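S.K.: For the sequence shown, my numbering assigns the number 12 to the initial residue and increments by one for each residue that follows.
Just so it is clear, CB atoms sit at the ideal spot from N, CA and C, and this is done for glycine as well.
As the structure is a prediction and not an experimental result, all values here were calculated from the model.
First the structure, then my questions, so here it is.
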Amino acid sequence: MKRRDIWIIGAVAVLAGLLLLLGQVIKPAPPVKALPTLSITNAREPDSGGPLEEANSYLRIRQGQEYYHLVPLNGPGQIVIRQDNGWENVIYIDKDSVVMHSANCPNHDCIRQGMMTLDNIATRVFQSWITCLPHELSLELITREDAVRLTQGNP
């Protein structure tokens with residue numbers, strides 16, 4: 012081994028030690044505020060026909076043949092849908108937008124469908140839908156007018 016090799020090995024060892032020490036000293040900042048979460052576990056809560064919370068758009072969730080309550084899209088939040096067989100989908104919502112953040116399905120096609128907003132539903136392949144076929148879960152973004160029509164019993 013040459014003297015220059017020993018210096019290089021020593022410099023790498025010192026650099027690695029400094030990085031380990033720095034990693035222990037600098038801690039990541041805690042999250043500012045957690046997102047509000049709506050957790051649905053095989054709730055089977057069809058649309059109630061009650062008054063709607065004020066919003067420009069709503070998320071209509073369908074699992075199998077059942078629909079859940081309409082979720083108003085007023086601000087940031089997340090929806091976690093857990094099914095009895097261990098299936099789980101995490102949906103991020105914001106004002107007038109929806110995205111499937113994660114799912115434990117085998118193909119993750121639902122995640123690849125991207126963000127859905129009122130502005131882009133006309134140009135999306137699946138328009139106002141995000142669908143997870145293995146979990147039999149569909150998300151539909153609807154306008155306030157459509158939501159009012161649904162709650163009044165007009166499909």
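With DSSP as the reference, label Q74 as helix, strand or coil.
M.R.: Looking at Q74 - three-state DSSP - the assignment turns out to be strand.
S.K.: Determine the direct distance from the alpha carbon of I122 to that of I141, and round the result to whole angstroms.
M.R.: Each residue's alpha carbon lies about 9 Å from the other.
S.K.: To the nearest angstrom, report how far apart N131 and S113 are at their CA atoms.
M.R.: Their backbone Cα atoms lie some 21 Å apart in a straight line.
S.K.: In whole angstroms, what is the alpha-carbon distance linking L33 and R160?
M.R.: Whole-angstrom Cα-Cα distance: 59 Å.
S.K.: Given a cut-off of 8 Å on the beta-carbon distance, is the pair C143 and N96 in contact?
M.R.: No, these two residues do not count as a Cβ contact at 8 Å.
S.K.: Reducing DSSP to helix, strand and coil, say where T142 ends up.
M.R.: Looking at T142 - three-state DSSP - the assignment turns out to be strand.
S.K.: Using a threshold of 8 Å, state whether the C-beta atoms of I90 and V82 are closer than that.
M.R.: A contact, by the Cβ cut-off of 8 Å.
S.K.: May I ask you to check if the CB of Q163 is nearer than 7 Å to at least one heavy atom of the ligand NAD?
M.R.: In the structure on display, the ligand NAD does not appear, and there are no ligands present to speak of.
S.K.: If you run the structure through DSSP and keep just helix, strand and coil, what is E156?
M.R.: It is helical.
S.K.: Should L26 go down as buried or exposed, given a rule of 16 or more other Cβ atoms within 10 Å for buried?
M.R.: When all chains shown are included, L26 counts as exposed.
S.K.: Which residues in the same chain as E56 place their Cβ atom closer than 6 Å to its Cβ, once the five residues preceding and following it in sequence are excluded?
M.R.: Per-residue confidence for E56 stands at a pLDDT of 44, beneath the threshold of 50, marking its modelled position as unreliable; no derived number is given.
S.K.: To which residues of the same chain is Y126 closer than 6 Å at the C-beta, ignoring the five residues directly before and after it?
M.R.: At residue 126 the sequence reads Met, which differs from the Tyr that was named. The residues are S108, V110.
S.K.: What are the partner residues of G88, as DSSP defines its beta bridges?
M.R.: Answer by DSSP bridge pairing, in chain order: I104.
S.K.: For a quick check, are the C-beta atoms of L63 and A158 less than 8 Å apart?
M.R.: Yes, Cβ-Cβ distance for L63 and A158 is below 8 Å.
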